[in-house]
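Asker: Take a look at the following structure, please.
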Amino acid sequence: MFADLLRRLTAPEPQKLPDPDARLALGALMVRIARSDGDYAPVEIAKIDQALMARYGIGPAQAAQLRADCEALEAEAPDTVRFTRAIKDAVGHEDRLSVVADMWSVVMADGVRDEAEDSLMRMVVSLLGITDQESHAARLRITNGS
């Protein structure tokens with residue numbers, strides 16, 4: 001279903017993604033983070049939907065459909081390293097930084113920073129070209145509610 005998008009993402013010279021594809025790719029990263037601890041909890045799913053609604057100005061039904069598409073893409077996506085590097089090359093820095101904050105909100109949704117989620121966050125943040133300081137600031141904004 002997403003073969004063309006994945007082919008474009010993993011091309012030697014990926015092009016900047018059009019908005020619908022960027023939405024899917026960034027949403028798929030949130031799903032991958034949520035699934036990383038083996039417990040894709042309803043609270044994490046709700047947090048992904050909230051992030052999609054806020055990010056794209058869509059309603060609950062549209063967010064649920066977009067998340068379902070992101071779940072399907074995440075399941076088909078290559079290993080995290082290639083997938084994340086491809087996103088870095090195809091999505092602007094501000095969007096990547098913003099999705100890091102969304103990923104932290106998913107990680108913290110159940111109140112637990114699982115070791116698998118933490119490890120994947122460290123790797124994804126680095127591969128996205130986001131500094132540790134930027135990631136830390138995003139996490140603090142999420143945990144402090146600002």
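In terms of our numbering, the sequence shown opens at residue 1 and continues consecutively.
All C-beta atoms in this analysis are idealised placements derived from N, C-alpha and C, irrespective of residue type, glycine included.
Quantities reported herein were computed from a predicted structural model and do not represent experimental measurements.
Using only the alpha-carbon positions, how far apart do Y40 and E117 sit?
Answerer: Reading the sequence shown from its first residue, position 40 is the one you call residue 40. Reading the sequence shown from its first residue, position 117 is the one you call residue 117. Rounded to the nearest angstrom, the two C-alpha atoms are 11 Å apart.
Asker: Go through its chain and collect everything with a Cβ distance to R148's Cβ below 7 Å, but skip five positions before and after it.
Answerer: Not covered by the structure: residue 148. The range shown for the chain is 1 to 146.
Asker: Less than 8 Å between the CB atoms is what I'm expecting for L17 and V91, so what's the real figure, rounded?
Answerer: Here residue 17 refers to the residue found at position 17 of the sequence shown. Here residue 91 refers to the residue found at position 91 of the sequence shown. 6 Å between Cβ atoms; contact.
Asker: Is the Cβ-Cβ distance between E44 and A109 less than 7 Å?
Answerer: Looking up residue 44 in the sequence shown gives position 44. Looking up residue 109 in the sequence shown gives position 109. Against a cut-off of 7 Å, the Cβ pair of A109 and E44 comes out as a contact.
Asker: Leaving out the 5 sequence neighbours to the left and right, which residues in its chain are closer than 6 Å to L73 when beta-carbon positions are compared?
Answerer: If you number the sequence shown from 1, residue 73 lands on position 73. Correct list, in chain order: F2, L24 and A28.
Asker: Using 7 Å as the threshold, is the C-beta distance between L128 and R82 below it?
Answerer: Indexing the sequence shown from 1 puts residue 128 at position 128. Indexing the sequence shown from 1 puts residue 82 at position 82. Not a contact, by the Cβ cut-off of 7 Å.
Asker: Who are the Cβ neighbours of E52 in its own chain at under 7 Å, not counting the five residues just before and after it?
Answerer: Here residue 52 is taken as the residue at index 52 of the sequence shown, counted from 1. One detail in the question is off: residue 52 reads as Leu in this sequence, not Glu. Within the same chain, L52 has close Cβ partners G27, I58, A63, L66 and R67.
Asker: Would V112 be called buried (16 or more neighbouring beta carbons within 10 Å of its own) or exposed?
Answerer: Translated into the one-based positions of the sequence shown, residue 112 becomes position 112. Exposed, because fewer than 16 other Cβ atoms sit within 10 Å of the Cβ of V112.
Asker: For V106 and A54, which I take to be in contact (beta-carbon distance under 8 Å), what is that distance rounded to the nearest angstrom?
Answerer: Here the question's residue 106 lines up with position 106 in the sequence shown. Here the question's residue 54 lines up with position 54 in the sequence shown. Not quite, the Cβ-Cβ distance comes to about 13 Å (not below 8 Å), so this is no contact.
Asker: Decide if G84 is buried, meaning its Cβ has at least 16 other Cβ atoms within 10 Å, or exposed.
Answerer: Locating residue 84 in the sequence shown gives position 84, counting from the first residue. Sequence check: residue 84 is Thr here, not Gly. T84 should be labelled buried.
Asker: Going along the chain, which residues of its own chain have a beta-carbon closer than 7 Å to the beta-carbon of T10, five neighbours each way excluded?
Answerer: Here the question's residue 10 lines up with position 10 in the sequence shown. Cβ neighbours of T10 beyond the five flanking positions: P78, R82 and A86.
Asker: Put T84 into one of helix, strand or coil per three-state DSSP.
Answerer: Position 84 of the sequence shown holds residue 84. Residue state, collapsed to three classes: helix.
Asker: For V112, which three-state DSSP category applies?
Answerer: The residue labelled residue 112 in the question sits at position 112 within the sequence shown. In this structure, V112 counts as coil in the three-state DSSP scheme.
Asker: Find out if the Cβ-Cβ distance for the pair S135, V100 is shorter than 7 Å.
Answerer: Within the sequence shown, residue 135 is the residue found at index 135, counting from 1. Within the sequence shown, residue 100 is the residue found at index 100, counting from 1. Contact flag set, yes.
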